[in-house]
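**Student:** I'd like to ask some things about the structure below.
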Amino acid sequence: MNKFISTLILIISTIAVKAQTDKGTVFVGGGISYNSQTSKDLTNNSKHINMDLLPTVGVFLGNNWSIGLTPQYSYARDSSFYKYEDYSSKSGHKSKLLGIGLSVRHYWMIIPQLALFPELSGSYLFSVGDAGASVKSYNMNITPNMALFPTKHIAITFGYGGLRYLHQTNKDTALGTTASYNTFGFNVNQGMILGVNYHFTN
């Protein structure tokens, strides 16, 4: 009897969680990431801080396949302190970026309450609040993620690292100069992305 009840509970929980990734399911939520890096040597002390806010709305176009739209806000701050003998100096810079992104996910259910999903995403961001400089950024990312389903409607997600292609253009409006660069590699500047999504299921 106990074995039958346990099996029945497992089947019900599997069906409930599966409904979260069924075709037509809509989800809303988002994620946040924070990263801080510090480097020191005999004469220089520098620090970099980066934070990203990633609200998301999405829909499952097929079982375990979803597409999402993500407005983005990114904040970065760099500071440096230099000291050599009697000379010292401080410098710093802050940047704020706004943008929009599109993502595609595919979920692999490991157990009824746990899934792994790679996410392919692309976004466009531009600088705000800095009259002296203009930044435009295009990037593509492939990020490994994990999702926990504690209830029928809630998914807690974790993501970190992955591959990134970035094209960025920096324009100094005061000097009238423009510089562009491209990078490709592992995304180590972004911290772990912690997110919570609400799935509108029956």
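Take 844 as the starting number for the sequence shown in this note's numbering and just add one per residue.
C-beta: ideal position from N, C-alpha, C; glycine also.
Within its chain, find whatever has a CB closer than 6 Å to the CB of S964; leave out the 5 residues flanking it on each side and keep chain order.
**Tutor:** G944, S946 and N984
**Student:** Assuming P987 and G1005 form a contact by the criterion Cβ under 8 Å, report the distance between their Cβ atoms to the nearest whole angstrom.
**Tutor:** 6 Å between Cβ atoms; contact.
**Student:** Smallest Cα separation from T886: which of Q1011, N907, Y877 and Y930?
**Tutor:** Selection Q1011, N907, Y877 and Y930 evaluated against T886 yields Y930 as nearest (Cα-Cα).
**Student:** Just list the residues that DSSP pairs G942 with in beta bridges.
**Tutor:** Q915 and L968
**Student:** Per DSSP, what kind of secondary structure is T864 in: helix, strand or coil?
**Tutor:** helix
**Student:** In the DSSP assignment, the beta strand (DSSP E) including P993 goes from what residue to what residue?
**Tutor:** Taken as a continuous stretch (DSSP letters only), P993 belongs to no beta strand (DSSP E), as it is neither H nor E.
**Student:** In or out: E962 buried (at least 16 other Cβ within 10 Å) or exposed?
**Tutor:** buried
**Student:** Over the uninterrupted beta strand (DSSP E) stretch that includes L904, give me the two end residues.
**Tutor:** N887 to G905
**Student:** Could you give the DSSP three-state label for G1019: helix, strand or coil?
**Tutor:** If DSSP states are grouped into helix, strand and coil, G1019 belongs with coil.
**Student:** Distance check for K866 and A1022, CA to CA, integer angstroms please.
**Tutor:** 44 Å
**Student:** Label L912 either buried or exposed according to how many other C-beta atoms from any shown protein chain fall within 10 Å of its C-beta, with 16 as the threshold for buried.
**Tutor:** exposed
**Student:** Grouping DSSP H, G and I as helix and E and B as strand, with all else coil, what is N1045?
**Tutor:** coil
**Student:** For S934, collect the residues of the same chain with a Cβ closer than 6 Å to its Cβ; drop the 5 residues on either side in sequence, then sort them by chain order.
**Tutor:** S923.
**Student:** Can you give me the C-alpha to C-alpha distance between H1042 and A998, rounded to a whole angstrom?
**Tutor:** 8 Å
**Student:** Would you kindly report the start and end of the unbroken beta strand (DSSP E) that includes Q880?
**Tutor:** V869 to K883
**Student:** How far does the beta strand (DSSP E) with M952 in it reach, from first residue to last?
**Tutor:** Taken as a continuous stretch (DSSP letters only), the beta strand (DSSP E) holding M952 covers W951 to I954.
**Student:** What three-state label does DSSP hand Y1024 in the structure shown?
**Tutor:** strand
**Student:** Taking C-alpha atoms, which residue in V869, S879, Y918 and N907 lies nearest to G901?
**Tutor:** V869
**Student:** What does DSSP give as the partner residues of E962 in its beta bridges?
**Tutor:** Beta bridge pairing from DSSP links E962 with R948 and T986.
**Student:** For a quick check, are the C-beta atoms of G872 and G1019 less than 8 Å apart?
**Tutor:** Not a contact, by the Cβ cut-off of 8 Å.
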